[in-house]
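Take a look at the structure set out below.
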Amino acid sequence: MDRMYRHQRHIYDASRKFYLLGRDGMIAALDPPLGGSVLEIGCGTGRNLIKLAQTYPNAVCYGLDVSEEMLVTARRNVERAGLSHRITLAQADATAFDPQVLFGLGGFDRIVISYALSMIPPWQGVVAQALRTLAPDGSLHIVDFGDQAGLPGPFKAVLNRWLTLFHVTPRPDLGETLDALARAEGVRARTTRLYRGYAVHAVAERGVA
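Each residue of the sequence shown is one higher than the one before, counting from 116 in the numbering used here.
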């Protein structure tokens, strides 16, 4: 990951903002509790964490990423935004991190994963670990590339060739996998297709009947 992002991190946000659809809508609907904790898994350059902290000034934000190269950029961006006192970053494997060791917390009120699962081969393990680290009334929010079922064939072909250049693999079974993992954790999940299947927004809520 460090090798891949050593140079990409400098243009990552500028090159992704036009096709990572649904991120800001997910953030706008997050609604963390007053003083609540928000974790982003695969926080990259810190773009989403900064927007989260600005949108919810009473929340405390945390981010983890496996790439130290990305975290170098994230720390700089967070500092420039004047949010170092509200955003804590750490390097960790998203499939096996310990929230107590990293951040001194047992769990999080909200966990966000934005367009990261499509870049992590053991992505099911990431979802499972996220569910395990939810607070008693916490919720997991995922946005990523969808099954593309409603998109025109030529557009799908170009899109997938483009994604391949960036080592991105859409997870068409994300909804089904989340449902199964959520049931095992006693969590209720729902998945919504966005933009004719271009993207998917999935939510798993603990404490919801």
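We treat Cβ as the ideally placed atom computed from N, Cα and C, and that holds for glycine.
Is residue 182 a contact residue of the ligand HEM, with contact defined as CB to any heavy atom under 8 angstroms?
The ligand HEM is not part of the structure shown, which contains no ligands of any sort.
Using a Cβ-Cβ cut-off of 6 angstroms (strictly less than) and excluding sequence neighbours within five positions of residue 178, which residues of its own chain qualify?
Result list for residue 178: 155, 158, 164 and 204, in chain order.
Residue 180 by DSSP, collapsed to three states: which one?
In this structure, residue 180 counts as strand in the three-state DSSP scheme.
For residue 214 and residue 220, the rounded distance between their alpha carbons
Distance between the alpha carbons of residue 220 and residue 214: 6 angstroms.
Minimum length 3: unbroken beta strand (DSSP E) runs contained in the stretch 192-243:
For the stretch 192-243, whole beta strand (DSSP E) runs of length 3 or above, ordered along the chain, are 202-206 and 223-229.
With a cut-off of 8 angstroms on the beta carbons, I'd call residue 313 and residue 239 a contact; round off their distance for me.
The beta-carbon distance between residue 313 and residue 239, rounded to whole angstroms, is 22 angstroms. This is too long to meet the 8 angstroms contact definition.
For residue 153, the three-state DSSP class (helix, strand or coil):
Looking at residue 153 - three-state DSSP - the assignment turns out to be strand.
Do the CB positions of residue 169 and residue 183 come within less than 9 angstroms of each other?
No, the Cβ-Cβ distance between residue 169 and residue 183 is not below 9 angstroms.
How big is the Cα-Cα spacing for residue 291 and residue 316?
Roughly 13 angstroms between the two C-alpha positions.
Which residue or residues does DSSP assign as beta-bridge partners of residue 302?
Under DSSP, residue 302 forms no beta bridge with any residue.
Could you round the C-beta distance between residue 310 and residue 186 to whole angstroms and report it? I think they count as a contact, below 8 angstroms.
About 30 angstroms separates the two Cβ atoms, so there is no contact after all.
Same chain, Cβ closer than 8 angstroms to residue 193, neighbours up to 5 away in sequence not counted
The residues are 161, 164, 165, 199, 202 and 204.
Here's the rule I'm using: 16 or more other beta-carbon atoms within 10 Å means buried, otherwise exposed. How should residue 273 be labelled?
Taking a 10 Å sphere around the C-beta of residue 273, we find fewer than 16 other C-beta atoms and assign the residue as exposed.
The beta strand (DSSP E) spanning residue 139 covers which residue range?
Secondary structure note for residue 139: it is in no beta strand (DSSP E), and the uninterrupted alpha helix (DSSP H) holding it is 138-143.
For residue 321, count neighbouring Cβ atoms within 10 angstroms of its own Cβ and tell me buried if that reaches 16, exposed if not.
With a 10 Å radius around the Cβ and a threshold of 16 neighbouring Cβ atoms, residue 321 comes out buried.
Should residue 285 be labelled buried (16 or more other beta-carbon atoms within 10 Å of its own) or exposed?
That one is buried.
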